[in-house]
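Position 26 of the sequence shown, counted from 1, bears residue number 26 in this note's numbering, the numbering being contiguous throughout.
Beta carbons are placed, not taken as given, at the ideal position from N, Cα and C, and that holds for glycine.
Values in this document were obtained by computation on a predicted structure and should not be read as measured data.
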Amino acid sequence: MDWVQGFVADIGWLAYLAFAGLLFAETGLLIGFVVPAGDTLLITLGMLAATGTLRLEYLIPSMYVAAVAGHAVGYWIGHALGPAVRSKVPAVYYQKAESAHAKYGVLVMLVAPLITGVRTVIPFMFGAMRVPFAQFFALSLVGSAIWVFGITLLGYFLGELIPKWMVYAAVFTIVALIVLPDVYRNLRAYLEAKRIKGQESRAES
Numbered sequence: 001m002d003w004v005q006g007f008v009a010d011i012g013w014l015a016y017l018a019f020a021g022l023l024f025a026e027t028g029l030l031i032g033f034v035v036p037a038g039d040t041l042l043i044t045l046g047m048l049a050a051t052g053t054l055r056l057e058y059l060i061p062s063m064y065v066a067a068v069a070g071h072a073v074g075y076w077i078g079h080a081l082g083p084a085v086r087s088k089v090p091a092v093y094y095q096k097a098e099s100a101h102a103k104y105g106v107l108v109m110l111v112a113p114l115i116t117g118v119r120t121v122i123p124f125m126f127g128a129m130r131v132p133f134a135q136f137f138a139l140s141l142v143g144s145a146i147w148v149f150g151i152t153l154l155g156y157f158l159g160e161l162i163p164k165w166m167v168y169a170a171v172f173t174i175v176a177l178i179v180l181p182d183v184y185r186n187l188r189a190y191l192e193a194k195r196i197k198g199q200e201s202r203a204e205s
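Here it is, written out as structure tokens:
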């Protein structure tokens, strides 16, 4: 599998930029619901770092900045949309975010990055609720650190425990059996939700 290392080496910093872009999209954009789960991405990249394919000292900072920046962008999008943000996201994720917020209050930002879907919704919700940005951002810094450092290092240590060829096999298995089906399911659910909303809007008019 030396070609994998060679490919990453050839494109250099673009690899880290692409991975960070995926994490940014999931945490800060309304299309984040169709992006592969960040947990899967982080643990996979951590495993690749254990093989030497990626450099941990570049990977973790780039992913951390992407997560924090994504949350900040999501906050300001929610701030601009106001209550209308509720109609922009899948109901199941918004309900999960509301339940988490009811349970933890503003401290939900410390655990939200660990919950798929909720980490995308919470920034929009907090922006729409006009939670002070300084408070939101401070909690985002801590929550994102727990998530990015914790999950990436978990993948790294797992990658060090198994032979290199098994790491690559595990990565390809994750992509084939988890990431691609996850993208497909999320995209279908997202498009179906938009279709239903469109029908409801036409019925009301």
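| said: If you reduce the DSSP assignment to three classes, tell me which class Gly-12 lands in. | reply: Correct three-state label for Gly-12: coil.
Kindly indicate the opening and closing residues of the alpha helix (DSSP H) around Met-129.
That residue, Met-129, is in no alpha helix (DSSP H); it is neither H nor E in DSSP.
- Message: Once DSSP output is grouped into helix, strand and coil, what is the label at Thr-116?
- Response: Coil.
### Message
If the criterion is Cβ atoms closer than 8 Å, does the pair Val-116 and Asp-39 meet it?
### Response
For the record, residue 116 in the displayed sequence is Thr; it is not Val. Contact: yes.
**Message:** So, with DSSP's three-state summary, where would you put Val-89?
**Reply:** In this structure, Val-89 counts as coil in the three-state DSSP scheme.
| task | Indicate the three-state DSSP secondary structure (helix, strand or coil) for Leu-54 in the structure shown. | result | Coil, per DSSP.
If you drop the 5 nearest sequence neighbours on each side, which residues of the same chain put their C-beta closer than 7 Å to that of Leu-42? Met-63, Val-148, Ile-151, Thr-152 and Gly-155, listed in sequence order.
Status (buried if at least 16 other CB within 10 Å, exposed otherwise) for Val-146:
Before going on, a small fix: residue 146 reads as Ile here, not Val. With fewer than 16 other Cβ atoms within 10 Å, it is exposed.
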